[in-house]
Amino acid sequence: MQKPKPTAAIILLILLVFVVAFAAETLLVKVQTTQLRKGPQFFSQTLAALKAGDRLEKVSENAGWIQVKTTAGVLGWIHSSAVETTKLNLLAMDKNMKTQATASEVALAGKGFNKQVEASYRAKHGEVNFAIVDQMLQLKILPAQIEDFLKKGNLGEFRGAK
Amino acid sequence: MKTTRTFGVFLLLAAMGPFLAGCSVVQKGADILTAQGKMSEKDRDALVKTSEAVRSTFSEINEEEEYYIGRAVAAMILSRYAAYKNDALTQYINTVGNAVAVYSDRPEIYAGWHFLVLDTEEVNALAAPGGMIFITKGLLRRCRDEESLGMVLAHEVGHVCAKHGLQSIKKSRLVDAFKLIGQEAVQRYSPENLAQLTNIFENVLGDIAEQLIERGYDRKYEYQADGLAVKFGAKTGFDPNGIQRFLKTMVGDSSSASGKGWFKTHPTPESRMESLQKTIASLAALPKIEAVRTERFVRYAGSLK
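So the sequence lines, in the order shown, correspond to chains F and H.
Note that the first sequence ends on residue 162 in this note's numbering; no numbers are left out.
Note that the second sequence ends on residue 467 in this note's numbering; no numbers are left out.
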């Protein structure tokens, strides 16, 4: 039975504080698909295509935009609404912990309210109209189309840029 | 030896505490200690496991789950109302809506923002979670310019950004669902868990449909969405008074059949206009309506049958 050495514990604590403070923060892409952009603007040049579950390393932040590095080493910007960080809540630890999981773990595992739950719901509710929803979701407005719309309407960041 | 390890685990938790850091960081810290032989693999796994936050509220519903809830709510709406078929108009509404979404707090959403016109003369607009938004033909007829349409869509985008739909889910349903979801280690659910989860899913949809379609959101959510509409709309460059011009057409119209859905689910237009006026007056710069936009609105909305 060895007693914990206080000096070793203090060194360990300092070490840990550094590890936590300087460890790069990993972000997960939470939207189906998105783009890595050259600058912190929606209409900035795109550098790479990203998809749900992709891991990114946070570099810096600027007004809702996060500078990140992809696993392939590409540096660019992504809007904060496209990524998620798992929060650790020490106060919430209780006996139920073992049977629960974080939102991103559930998302990564493809669990939660998912395709399988929808299929099971649809089998019970033939009257609910998913076909039109699928059609509705097929129509995608590309960033270039939005940009053209804004420019022609003298809107957004293109105002007064005639 | 056990005391040392327990003490190490305690120390790691203590060090992590002030940072409320991400799980990946806990994993990393624990990995380092394990690699250095300062913590056993078993303790590392236990530590990473206990660092998982408990999901218990609407804000912890993840993006993909919100999408599946939204799809089903949208499907329920489309079982009640037919979609209005007009490809050019649908494309235009989607472009206006997506432009506003770019300047909202949530430009990125799981499967993108989608808008659809419902084939009814009833005046109403509905936002399903996940960014699936509906406006009726009756509402569109009351808009005279792109600013009014843009502002109405900005109000609906505001409901989605503030997750008003998800907030109407009863907390007990989420607690049950999260518990069930957390139990399964595998990706596919067992038949009994799937049946239970489907029942919870039905109840979740029922909670949202009741608020969204039947009773309407809490009045404070409507005012909050109006505030967000002014913020997002003005940032897009739309004259926020566009929403006032639309609301004015609704004043004193509560008895008309066309406004039935709207009046049941929204505060009176007069009270909203009053509150909006204050928000608009507080803007540093007020974008002005422009003819080029009104012209294209008239071109598309003019095709309304």
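Even for Gly, the Cβ is constructed at its ideal location relative to N, Cα and C.
- Sequence-distant partners of F459/H (beyond 5 residues in either direction) whose C-beta falls short of 7 Å from its own C-beta, in its chain, are D307, E308 and L311.
- For Y383/H, no chain F residue has a C-beta closer than 9 Å to its own C-beta; the minimum C-beta separation is roughly 20 Å.
- The alpha-carbon separation between I141/F and T252/H amounts to approximately 11 Å.
- Residues of the segment 343-364 of chain H with a C-beta less than 7 Å from any C-beta of chain F: I343, G344, Q345, E346, Q349, R350, Y351, L356, L359, T360, F363 and E364, listed in chain order.
- Within the segment 58-82 of chain F, the residues whose Cβ lies closer than 9 Å to any Cβ of chain H are, in chain order, G64, I78, H79, S80, S81 and A82.
- According to DSSP, I295/H shares a beta bridge with F277/H and A289/H.
- Interface with chain F (9 Å Cβ-Cβ cutoff): H321/H is excluded.
- Between T398/H and L155/F, the beta carbon gap of about 6 Å places them in contact (Cβ cut-off 8 Å).
- With respect to chain F, the C-beta atom of D338/H has no partner C-beta closer than 9 Å.
- Within the segment 365-391 of chain H, no run of alpha helix (DSSP H) at least 4 residues long lies entirely inside it.
- For Y246/H and R159/F, the gap between their C-alpha atoms comes out near 32 Å.
- Here K69/F really is in contact with L56/F; their C-beta atoms are around 7 Å apart, less than 8 Å.
- In summary, N62/F is exposed, with fewer than 16 beta-carbon neighbours lying within 10 Å of its beta-carbon over all protein chains present.
- The residues L342, in chain order, have a CB closer than 7 Å to that of Q358/H in the same chain once the five nearest residues on each side in sequence are set aside.
- When C-beta atoms of the segment 432-442 of chain H are compared with those of the segment 405-414 of chain H, three or more pairs fall below 8 Å, so the two segments count as touching.
- Take the alpha-carbon of A107/F and the one of D54/F: they are about 12 Å apart.
- Distance from the CA atom of Q116/F to the CA atom of A289/H, rounded to whole angstroms, is 24 Å.
- Chain-order list of chain F residues neighbouring H317/H: empty, with the shortest C-beta distance near 18 Å, by a criterion of under 9 Å.
- Taking F220/H as the centre and dropping the five residues before and after it, the same chain places the C-beta of K325, L328, Q329, I331 and L336 closer than 7 Å to its C-beta, in chain order.
- Counting C-beta atoms within 10 angstroms of its own C-beta, S334/H has fewer than 16 neighbours from the protein chains shown and is therefore classed as exposed.
- Here V29/F is buried, its C-beta having at least 16 other C-beta atoms within 10 Å.
- The C-beta separation of L315/H from V262/H comes to about 5 Å, placing the pair in contact by the 8 Å criterion.
- Below the 7 Å Cβ cutoff, chain F contributes M136 as neighbours of L278/H, in chain order.
- I375/H has its alpha-carbon roughly 23 Å from the corresponding atom of A273/H.
- A direct Cα-to-Cα measurement between F149/F and M313/H gives close to 16 Å.
- Relative to N260/H, the option among Y385/H, G389/H, F394/H and L240/H whose CA is nearest is F394/H.
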